[in-house]
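Heads up, this note's numbering is the position in the sequence shown plus 1070, with the first residue counted as 1.
Glycine is no exception: its CB is placed at the ideal position from the N, C-alpha and C atoms.
Worksheet: the structure to be examined is printed underneath.
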Amino acid sequence: MKYVNANEVLPDRLITEIQQYIQGESIYIPRPESSRQKWGSCSGSRKWIDDRNDSIRTSFRSGSTIQELAQEYFLSSETIKKIVYKRTAAADDQ
(Lines of atoms letter the chains of each structure in order from A and count residues from 1; the text may use other names and numbers.)
(Lines give C-alpha, C1' and ligand atoms only; values in the text may rest on other atoms or scores of the structure.)
Protein backbone atom coordinates (compact mmCIF):
# COMPACT_ATOMS: atom_id res chain seq x y z
CA MET A 1 0.00 0.00 0.00
CA LYS A 2 1.51 3.30 -1.01
CA TYR A 3 0.74 6.86 -0.01
CA VAL A 4 -0.96 9.02 -2.63
CA ASN A 5 -1.80 12.70 -2.13
CA ALA A 6 -5.54 13.20 -2.59
CA ASN A 7 -4.93 16.54 -4.36
CA GLU A 8 -3.13 14.65 -7.12
CA VAL A 9 -5.83 12.07 -7.85
CA LEU A 10 -9.23 13.28 -6.61
CA PRO A 11 -11.42 16.12 -7.90
CA ASP A 12 -11.71 19.20 -5.66
CA ARG A 13 -15.43 18.64 -4.99
CA LEU A 14 -14.72 15.13 -3.69
CA ILE A 15 -11.88 16.37 -1.46
CA THR A 16 -14.22 19.01 -0.02
CA GLU A 17 -16.83 16.32 0.69
CA ILE A 18 -14.28 14.05 2.41
CA GLN A 19 -13.01 16.99 4.51
CA GLN A 20 -16.45 17.21 6.11
CA TYR A 21 -15.69 13.85 7.75
CA ILE A 22 -11.91 13.81 8.21
CA GLN A 23 -9.18 16.46 7.93
CA GLY A 24 -5.40 16.14 8.02
CA GLU A 25 -5.50 12.38 8.69
CA SER A 26 -4.55 9.37 6.64
CA ILE A 27 -7.47 7.42 5.24
CA TYR A 28 -7.46 3.95 3.70
CA ILE A 29 -9.66 3.39 0.66
CA PRO A 30 -10.05 -0.35 0.03
CA ARG A 31 -10.31 -1.92 -3.40
CA PRO A 32 -13.78 -2.92 -4.56
CA GLU A 33 -14.71 -6.50 -3.62
CA SER A 34 -14.82 -7.44 -7.30
CA SER A 35 -11.12 -6.63 -7.82
CA ARG A 36 -9.81 -8.33 -4.68
CA GLN A 37 -7.88 -11.55 -4.95
CA LYS A 38 -8.36 -14.40 -2.54
CA TRP A 39 -5.70 -14.98 0.08
CA GLY A 40 -2.75 -16.92 -1.30
CA SER A 41 -3.79 -16.70 -4.94
CA CYS A 42 -0.67 -14.74 -5.95
CA SER A 43 1.87 -16.77 -3.99
CA GLY A 44 0.36 -20.17 -4.72
CA SER A 45 -0.24 -20.85 -1.02
CA ARG A 46 -3.98 -21.29 -1.53
CA LYS A 47 -3.43 -23.98 -4.18
CA TRP A 48 -0.86 -25.76 -2.01
CA ILE A 49 -3.28 -25.87 0.95
CA ASP A 50 -6.19 -26.99 -1.26
CA ASP A 51 -4.04 -29.78 -2.72
CA ARG A 52 -2.92 -30.83 0.77
CA ASN A 53 -6.51 -30.88 2.03
CA ASP A 54 -7.63 -32.94 -0.97
CA SER A 55 -4.86 -35.42 -0.20
CA ILE A 56 -5.97 -35.58 3.45
CA ARG A 57 -9.59 -36.25 2.42
CA THR A 58 -8.50 -38.96 -0.02
CA SER A 59 -6.35 -40.67 2.63
CA PHE A 60 -9.22 -40.50 5.14
CA ARG A 61 -11.64 -42.08 2.65
CA SER A 62 -9.03 -44.79 2.02
CA GLY A 63 -8.99 -45.75 5.69
CA SER A 64 -6.39 -43.56 7.41
CA THR A 65 -7.41 -42.47 10.90
CA ILE A 66 -7.64 -38.90 12.14
CA GLN A 67 -4.67 -39.51 14.44
CA GLU A 68 -2.52 -40.97 11.64
CA LEU A 69 -3.26 -38.01 9.39
CA ALA A 70 -2.52 -35.53 12.18
CA GLN A 71 0.91 -37.07 12.67
CA GLU A 72 1.64 -37.36 8.95
CA TYR A 73 0.70 -33.75 8.14
CA PHE A 74 1.85 -32.19 11.44
CA LEU A 75 -1.62 -30.81 12.16
CA SER A 76 -3.84 -31.15 15.21
CA SER A 77 -6.59 -33.76 15.25
CA GLU A 78 -9.15 -30.97 15.38
CA THR A 79 -7.74 -29.40 12.22
CA ILE A 80 -7.83 -32.75 10.42
CA LYS A 81 -11.47 -33.21 11.52
CA LYS A 82 -12.36 -29.79 10.11
CA ILE A 83 -10.76 -30.72 6.80
CA VAL A 84 -12.30 -34.19 6.41
CA TYR A 85 -15.77 -33.29 7.68
CA LYS A 86 -16.02 -29.96 5.85
CA ARG A 87 -19.20 -29.76 3.80
CA THR A 88 -18.69 -28.42 0.30
CA ALA A 89 -21.23 -26.56 -1.80
CA ALA A 90 -21.12 -29.37 -4.38
CA ALA A 91 -21.90 -31.98 -1.71
CA ASP A 92 -24.77 -29.86 -0.37
CA ASP A 93 -26.38 -29.73 -3.83
CA GLN A 94 -26.60 -33.53 -4.10
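Can you give me the Cβ contacts of residue i inside the same chain, cut-off strictly under 6 Å, excluding the 5 residues immediately before and after it?
i: Gly1110; result: Arg1116
i: Ser1132; result: none
Going along the chain, which residues of its own chain have a beta-carbon closer than 8 Å to the beta-carbon of residue i, five neighbours each way excluded?
i: Ile1136; result: Phe1130, Ser1147, Ile1150, Lys1151 and Val1154
i: Ile1119; result: Gly1110
i: Asp1042; result: In the structure displayed, the chain extends from 1071 to 1164; residue 1042 sits before or after that span and is not available.
Comparing alpha-carbon positions, which option in the options lies nearest residue i?
i: Gln1093; options: Pro1100, Leu1145 and Leu1084; result: Leu1084
i: Arg1122; options: Glu1142, Gly1133 and Ser1104; result: Glu1142
i: Pro1100; options: Asp1082, Lys1072, Asp1124 and Ile1126; result: Lys1072
i: Ser1096; options: Glu1103, Ala1076, Leu1080 and Thr1086; result: Ala1076
i: Phe1144; options: Ser1132, Ile1126 and Gly1133; result: Ile1126
i: Arg1157; options: Ser1134, Asp1124, Ser1132 and Glu1138; result: Asp1124
i: Tyr1098; options: Leu1139, Ile1088 and Glu1138; result: Ile1088
- With a floor of 4 residues, list each alpha helix (DSSP H) that falls wholly inside the segment 1079-1133, ordered by position along the chain. 1082-1089 and 1115-1131
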